[in-house]
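S.K.:
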Amino acid sequence: MKQIEITFVRVYMTDDEERHAHLVKRLHDEEKVRGVTVFRGVSGFGPSGRMHEARLVDLALDLPLVIEFFDTPEKVRRILDHLEDQIAPGHIVTWPATVHE
Amino acid sequence: MKQIEITFVRVYMTDDEERHAHLVKRLHDEEKVRGVTVFRGVSGFGPSGRMHEARLVDLALDLPLVIEFFDTPEKVRRILDHLEDQIAPGHIVTWPATVHE
Amino acid sequence: MKQIEITFVRVYMTDDEERHAHLVKRLHDEEKVRGVTVFRGVSGFGPSGRMHEARLVDLALDLPLVIEFFDTPEKVRRILDHLEDQIAPGHIVTWPATVHE
Numbered sequence: 001m002k003q004i005e006i007t008f009v010r011v012y013m014t015d016d017e018e019r020h021a022h023l024v025k026r027l028h029d030e031e032k033v034r035g036v037t038v039f040r041g042v043s044g045f046g047p048s049g050r051m052h053e054a055r056l057v058d059l060a061l062d063l064p065l066v067i068e069f070f071d072t073p074e075k076v077r078r079i080l081d082h083l084e085d086q087i088a089p090g091h092i093v094t095w096p097a098t099v100h101e
Numbered sequence: 102m103k104q105i106e107i108t109f110v111r112v113y114m115t116d117d118e119e120r121h122a123h124l125v126k127r128l129h130d131e132e133k134v135r136g137v138t139v140f141r142g143v144s145g146f147g148p149s150g151r152m153h154e155a156r157l158v159d160l161a162l163d164l165p166l167v168i169e170f171f172d173t174p175e176k177v178r179r180i181l182d183h184l185e186d187q188i189a190p191g192h193i194v195t196w197p198a199t200v201h202e
Numbered sequence: 203m204k205q206i207e208i209t210f211v212r213v214y215m216t217d218d219e220e221r222h223a224h225l226v227k228r229l230h231d232e233e234k235v236r237g238v239t240v241f242r243g244v245s246g247f248g249p250s251g252r253m254h255e256a257r258l259v260d261l262a263l264d265l266p267l268v269i270e271f272f273d274t275p276e277k278v279r280r281i282l283d284h285l286e287d288q289i290a291p292g293h294i295v296t297w298p299a300t301v302h303e
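This is the structure in structure tokens:
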């Protein structure tokens, strides 16, 4: 397999349908990243310290949500520049990784 | 965006409500980490080799659970020292990452 | 705690029961990795660009699935050699990490 150096990204939000759907659509339609996966957490808290937790199965609007994607370091840098005004500070984490293809 | 070097942590447990809730509460109340997200896996196994799997929707107590958090390397080192006696060996994984804020 | 250098692996698939169950079984029975966790995403897309999304709770067959595991760099290299023909190109991501035990 060929190995390509990438930057791996995790963006932390809560499960506000519209906002996260907008970000995924943008990564898909405009930024054209290689792939995106969205995960819903079962509980968590952010810098505000306020706990988000699933107490009722049908009340998932306030749960943590992670939008995960990866692409070349240059492309991720460009995407993060575009996202800067849309994501709260401290909610984007990146690290170097390798994709095997 | 400003970039801060952090240590990213994933702690692997099974879905024993009390034990993981205790850990999240501790990270929140005492260690005051920047944020924690808890994810439930749909199946998995640990060093024991015993499979954990969701066969019944309402029987989720034995599913894998990951508690994810990040903070400065010094703070994470201190937290891991505190957790040493509470988490089974081989169930904590860390790597260096960058938070954008 | 003792620290051991590992390679952390995430394999991206969709929720085709048989295929992912086969991979987990193989990692368990044959490769004997230290542990595997499977997570189901709530939406996502891969290199094909086609969106996978949960619209109906009971129609989860097409959702993204991540199979996560870690082991020593040598062992992971050997496992990835074995998986080469089973996983679509660009669907395996790895990075160096540390396990605490």
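Protein chains in written order, with the numbering used here: chain A, 1 to 101; chain B, 102 to 202; chain C, 203 to 303.
For each residue, glycine too, the CB sits at the ideal point set by N, CA and C.
Keep in mind the model is a prediction, meaning the values are calculated, not measured.
1) Counting contacts by CB-CB distance shorter than 7 Å, is residue 281 of chain C in contact with chain A?
2) Does the separation of the CB atoms of residue 112 of chain B and residue 168 of chain B fall below 7 Å?
3) From the beta carbon of residue 236 of chain C, is the nearest beta carbon of chain B less than 7 Å away?
4) What are the start and end residues of each continuous beta strand (DSSP E) run of 3 or more residues lying completely inside the stretch 37-81 of chain A, in chain order?
5) By how many angstroms is the C-alpha of residue 50 of chain A removed from the C-alpha of residue 276 of chain C?
6) Checking 7 Å against the spacing of the C-beta atoms, do residue 142 of chain B and residue 240 of chain C come in under that value?
7) In the DSSP assignment, what are the bridge partners of residue 294 of chain C?
8) Could you give the DSSP three-state label for residue 233 of chain C: helix, strand or coil?
9) Would you say residue 185 of chain B lies against chain C (beta-carbon separation less than 7 Å)?
10) Just to confirm, are residue 6 of chain A and residue 93 of chain A a CB contact at a threshold of 7 Å?
11) On the criterion of 16 or more Cβ atoms from any shown chain inside 10 Å, does residue 222 of chain C qualify as buried, or is it exposed?
12) Just the chain A side, please: which residues come within less than 8 Å of residue 151 of chain B by C-beta, in chain order?
13) For residue 215 of chain C, would you say it is in contact with chain B, using Cβ-to-Cβ distances shorter than 7 Å as the test?
14) So, helix, strand or coil for residue 18 of chain A, using DSSP?
15) Pick out whichever of A:87, A:101, A:96 and A:97 has its Cα sitting closest to the Cα of residue 14 of chain A.
16) Using CA atoms only, rank isn't needed, just tell me which of A:70, A:48, A:43 and A:81 is closest to residue 64 of chain A.
17) Could you confirm whether any beta carbon from chain C is found closer than 7 Å to the beta carbon of residue 19 of chain A?
18) Buried or exposed for residue 258 of chain C, going by 16 or more other Cβ atoms inside 10 Å?
19) Residue 132 of chain B to residue 182 of chain B, Cα distance in whole Å?
20) Among the residues of its own chain, which have a CB less than 8 Å from the CB of residue 196 of chain B, if the five just before and after it don't count?
21) May I have the straight-line CA-CA distance separating residue 205 of chain C from residue 185 of chain B, to the nearest angstrom?
22) Applying the 10 Å Cβ sphere with the 16-neighbour rule, what's the burial state of residue 218 of chain C?
23) Taking only beta-carbon positions, decide if residue 45 of chain A is within less than 7 Å of chain B.
24) If we cut at 7 Å on Cβ distances, does residue 100 of chain A have a partner in chain C?
25) Does any residue of chain C have a CB that is nearer than 7 Å to the CB of residue 38 of chain A?
26) Return the CA-CA distance between residue 306 of chain C and residue 148 of chain B, expressed in angstroms with no decimal places.
27) What is the C-beta distance between residue 69 of chain A and residue 27 of chain A, in whole angstroms, given that I count them as a contact (C-beta under 8 Å)?
28) Quick one: which chain C residues come within Cβ less than 7 Å of residue 97 of chain A?
29) How long is the line joining the alpha carbons of residue 264 of chain C and residue 78 of chain A, rounded to whole angstroms?
30) Closest Cβ-Cβ distance between residue 259 of chain C and chain A: below 7 Å?
M.R.: According to the structure shown:
1) no
2) yes
3) yes
4) 43-45, 51-53 and 64-71
5) 42 Å
6) yes
7) A:100 and C:213
8) coil
9) yes
10) no
11) buried
12) Ordered by position in chain A, no residue passes the 8 Å Cβ test against residue 151 of chain B, which lies about 22 Å from the chain.
13) no
14) helix
15) A:87
16) A:43
17) no
18) Here the model assigns residue 258 of chain C a pLDDT of 47, short of 50, so the residue's position is not dependable and the matter cannot be decided.
19) 12 Å
20) 108 and 109
21) 12 Å
22) exposed
23) yes
24) yes
25) yes
26) Any answer about residue 306 of chain C is impossible in this case: the structure gives chain C only from 203 up to 303.
27) 6 Å
28) 295, 296 and 297
29) 30 Å
30) Confidence is the limiting factor: at residue 259 of chain C the pLDDT is only 48, short of 50, which leaves the residue's position unreliable, though a coordinate-based value still follows. It does not: the Cβ of residue 259 of chain C has no partner Cβ on chain A nearer than 7 Å.
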